[in-house]
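Inspection log for the structure reproduced underneath, given as structure tokens.
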Amino acid sequence: MSEEGPRASAANTASPKPTLGFDDWVQERTPLLLSTNAGTPEIAFQDWKRFKEAFAPELVKRAVDETAADLGRTVETCSDPFGGSGTTALACQFLNVAPSTIEVNPFLADLIEAKLSSYPDGILEDAFSQVVGRVDVAERAVSAPFSSAPATFVEAEGKDRFLFWLPVARRLAAYSDVIETLEDVIARRFFRVMLASITVSVSNAFISGKGRRYRRGWQARPVDASAVDTAFHDACLRATYQVRRYGGRPRLDYNIYRGDSRQLVHSLGKHDLSVFSPPYPNSFDYTDVYNIELWTGGYLSSGGANRRLRESTLRSHVQIKRSFSTRPTVSPTLIRTIDQLRQVRSVLWNSAIPEMVDAYFEDMRCVLEGLRAKLSSGGRVYMVVGDSRYAGVDVPVAAVLTEEAADLGFEVLGSEPCRSMRASPQQGGRAELAETLLTFRVD
Ligand SMILES: C[S@@+](CC[C@H](N)C(=O)[O-])C[C@H]1O[C@@H](n2cnc3c(N)ncnc32)[C@H](O)[C@@H]1O
Numbered sequence: 002m003s004e005e006g007p008r009a010s011a012a013n014t015a016s017p018k019p020t021l022g023f024d025d026w027v028q029e030r031t032p033l034l035l036s037t038n039a040g041t042p043e044i045a046f047q048d049w050k051r052f053k054e055a056f057a058p059e060l061v062k063r064a065v066d067e068t069a070a071d072l073g074r075t076v077e078t079c080s081d082p083f084g085g086s087g088t089t090a091l092a093c094q095f096l097n098v099a100p101s102t103i104e105v106n107p108f109l110a111d112l113i114e115a116k117l118s119s120y121p122d123g124i125l126e127d128a129f130s131q132v133v134g135r136v137d138v139a140e141r142a143v144s145a146p147f148s149s150a151p152a153t154f155v156e157a158e159g160k161d162r163f164l165f166w167l168p169v170a171r172r173l174a175a176y177s178d179v180i181e182t183l184e185d186v187i188a189r190r191f192f193r194v195m196l197a198s199i200t201v202s203v204s205n206a207f208i209s210g211k212g213r214r215y216r217r218g219w220q221a222r223p224v225d226a227s228a229v230d231t232a233f234h235d236a237c238l239r240a241t242y243q244v245r246r247y248g249g250r251p252r253l254d255y256n257i258y259r260g261d262s263r264q265l266v267h268s269l270g271k272h273d274l275s276v277f278s279p280p281y282p283n284s285f286d287y288t289d290v291y292n293i294e295l296w297t298g299g300y301l302s303s304g305g306a307n308r309r310l311r312e313s314t315l316r317s318h319v320q321i322k323r324s325f326s327t328r329p330t331v332s333p334t335l336i337r338t339i340d341q342l343r344q345v346r347s348v349l350w351n352s353a354i355p356e357m358v359d360a361y362f363e364d365m366r367c368v369l370e371g372l373r374a375k376l377s378s379g380g381r382v383y384m385v386v387g388d389s390r391y392a393g394v395d396v397p398v399a400a401v402l403t404e405e406a407a408d409l410g411f412e413v414l415g416s417e418p419c420r421s422m423r424a425s426p427q428q429g430g431r432a433e434l435a436e437t438l439l440t441f442r443v444d
């Protein structure tokens with residue numbers, strides 16, 4: 002649950018705002034194809050942090066409309082067990098549906114909650130003045146910035162690779178120290194998110210589809226500490242404007258559950274709809290990809306905490322050694338796939354891949370089983386999933402999950418292609434991997 006419990010619109014002391022609804026929100030950028038993410042960064046809130054795995058809010062609207070038509074009444078509540086950047090929950094606020102979201106990554110959970118929160122008039126403006134007014138003094142007190150972070154974090158004698166030049170790291174640490182002194186928990190979270198979200202842009206790295214890479218020629222081009230001020234100020238002003246502009250959206254309440262959806266799905270209340278996209282079993286490790294934000298935002302303070310976070314994520318990657326034990330599956334497609342993966346084990350880039358894939362489906366079954374118990378009669382699941390490929394063996398994720406869902410008692414309503422992604426070289430070449438929108442219903 003959120004630090005201070007679910008926040009409700011009743012708690013908002015802000016003055017009345019113009020009611021801007023879902024269409025106002027999504028039309029303020031180029032139209033895009035359903036569930037591609039091509040234009041997502043241009044839309045309000047979704048540009049706070051580029052999240053390339055996000056789906057389009059139109060998918061949520063479609064799910065709400067179709068479910069309402071089937072139920073013969075409005076959809077009251079919707080869950081997302083894999084919140085990410087918060088697309089489902091935010092779209093629900095615009096669609097007047099009560100959202101409940103689960104997210105294990107504390108930076109992403111804060112990002113979601115900062116978007117969903119309502120901010121009393123003046124609170125962000127006052128807090129921004131305090132932060133900017135105190136940061137210079139705070140910087141004088143910074144001695145060893147981010148000292149508990151991995152060795153490659155900050156420039157130091159003898160290091161030939163590091164993510165932050167020392168003056169940049171000192172400035173970031175000074176902002177962070179001041180933000181943590183802010184009295185109001187909502188303002189503190191908002192500015193923590195703003196700061197963490199700009200850190201990659203002032204680092205020596207960039208994030209590609211395959212993780213973190215150093216910028217070409219970064220050693221010859223030190224980043225100036227003033228870049229931190231510029232990026233932070235721009236981000237805060239843009240986001241504050243959006244918060245104000247859309248402060249009158251149809252609803253402002255939400256529930257956010259911070260932690261592992263394999264357990265927390267059982268804490269959800271009864272609801273009508275679940276719209277989500279889980280991690281794919283393709284070894285993309287979200288803890289690693291958001292590691293810079295996690296450390297600079299103060300979400301991690303030791304290597305042990307980093308490992309514990311990875312342990313709580315879905316078993317969709319092999320980045321750490323962990324238990325991939327499973328129970329026998331009911332899916333004939335999965336049994337066949339695991340058998341094929343075992344046959345090519347000697348040429349896999351990690352020998353634990355067959356067990357990881359098996360464990361991934363057990364985790365997904367666990368979440369689906371939990372949702373099945375929490376969805377009302379006529380309730381639906383809309384789930385975007387992606388196939389994988391290892392050493393030429395296809396992992397047909399949509400097919401396996403369809404078999405598992407049917408076994409759990411869901412009625413399978415649809416399986417439609419929705420976008421495609423390139424297979425990484427590790428996954429056996431350049432062929433396209435399918436992404437599928439699966440729709441299930443509870444009787
Ligand atoms: C594909 S992203 C979701 C994207 C989201 N639909 C959006 O539009 O932004 C999957 C998310 O699942 C989260 N996740 C991974 N394992 C989890 C777990 N065990 N419990 C809850 N969230 C988890 C990841 O941190 C990541 O944010």
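Residue numbering for the sequence shown is 2 to 444, as defined by the numbering used here.
C-beta: ideal position from N, C-alpha, C; glycine also.
Here the structure is a predicted model, which means the values were calculated and not measured.
Check: Hey, E417 and L438 are a contact pair by Cβ (cut 8 Å); roughly how many whole angstroms apart?; Outcome: 5 Å
Check: How far does the alpha helix (DSSP H) with H272 in it extend, from its first residue to its last?; Outcome: Looking at the DSSP string, H272 is not in any alpha helix (DSSP H); the run it does join, the beta strand (DSSP E), is 272-277.
Check: Given a cut-off of 8 Å, decide if V224 and W296 are closer than it, judged by their beta-carbon atoms.; Outcome: no
Check: Going by DSSP, name the residue or residues bridged to A206.; Outcome: Y215
Check: So, helix, strand or coil for D81, using DSSP?; Outcome: strand
Check: Where does Y242 land, buried or exposed, given buried means 16+ other C-beta within 10 angstroms?; Outcome: exposed
Check: Cutting at 6 Å between CB atoms, please list the residues of its own chain near L376, excluding the five before and the five after it.; Outcome: V443
Check: Do Y247 and W26 come within 8 Å of each other at the CB atom, strictly closer than that value?; Outcome: yes
Check: Which parts of the segment 40-70 are runs of the beta strand (DSSP E), unbroken and 3 residues or longer, counting only runs that do not cross its ends?; Outcome: none
Check: Per DSSP, I103 forms a beta bridge with which residues?; Outcome: Y258
Check: Rounded C-beta distance between A64 and Y383? I'm assuming under 8 Å.; Outcome: 4 Å
Check: When DSSP labels each residue in this structure, what does L402 get in the three-state scheme?; Outcome: helix
Check: Am I right that R259 and P107 are in contact with their C-beta atoms under 8 Å? What's the rounded C-beta distance?; Outcome: 7 Å
Check: Take every Cβ of the segment 250-267, pair it with every Cβ of the segment 85-99, and state whether three or more of those distances are shorter than 8 Å.; Outcome: yes
Check: Quick check: what's the CA-CA separation for H272 versus R141?; Outcome: 51 Å
Check: Should A55 be listed as close to ligand 1, given that the test is whether its C-beta is under 7 Å from any heavy atom?; Outcome: yes
Check: Under the DSSP definition of a beta bridge, which residues are partnered with F441?; Outcome: V382, V413
Check: Just reading off the beta strand (DSSP E) that D395 is part of, what are its end residues?; Outcome: 394-396
Check: Comparing alpha-carbon positions, which option in P280, I124, R216, A110 lies nearest S198?; Outcome: A110
Check: For my contact list, R171 and V143 are in at a C-beta cut-off of 8 Å; report their separation, rounded to the angstrom.; Outcome: 5 Å
Check: Taking just the CA atoms, how far does L274 sit from R381?; Outcome: 5 Å
Check: Keeping to the same chain, check which residues put their C-beta closer than 8 Å to that of A399; ignore five residues upstream and five downstream.; Outcome: V386, D388, S416, A435, T437, L439
Check: Rounded to the nearest angstrom, what separates E126 and V179 at their Cα positions?; Outcome: 15 Å
Check: Can you check which of these residues, A55, L72, E29, E104, is closest to L269 by C-alpha distance?; Outcome: E104
Check: Do three or more CB pairs link the segment 333-340 to the segment 283-302 at distances below 8 Å?; Outcome: no
Check: According to DSSP, simplified to helix, strand and coil, what is P19?; Outcome: coil
Check: Round the Cβ separation of V1 and F147 to the nearest angstrom and send it over; I've been treating them as touching at under 8 Å.; Outcome: The requested residue 1 is not part of the displayed model; the chain covers only 2 to 444.
Check: Looking only at its chain, what residues have a beta carbon closer than 7 Å to the beta carbon of S36, apart from the 5 residues adjacent to it on each side?; Outcome: Confidence at S36 is low in this model, with a pLDDT of 44, below 50, so the placement of that residue is unreliable and no value is reported for it.
Check: P19: which of R245, Q320, L315, V358 sits nearest, CA to CA?; Outcome: R245
Check: Taking only heavy atoms of ligand 1 into account, decide whether any of them is closer than 7 Å to the Cβ of D261.; Outcome: yes
Check: I think T102 touches I257, with their Cβ atoms under 8 Å apart; what is that distance to the nearest whole Å?; Outcome: 5 Å
Check: Since G387 sits in a beta bridge, which residues does DSSP pair it with?; Outcome: E436
Check: Roughly how many angstroms separate the alpha carbons of Q427 and Y391, rounded to a whole number?; Outcome: Because the pLDDT at Q427 is just 46, under 50, the model does not fix this residue reliably, and the value given afterwards should be weighed accordingly. Taking the straight line from one Cα to the other gives about 7 Å.
Check: Going by the beta-carbon positions, is the gap between Q320 and R311 smaller than 8 Å?; Outcome: yes
Check: Can the beta-carbon of L112 be found closer than 8 Å to that of S86?; Outcome: yes
Check: Within this structure, are the beta carbons of R328 and E356 separated by less than 8 Å?; Outcome: no
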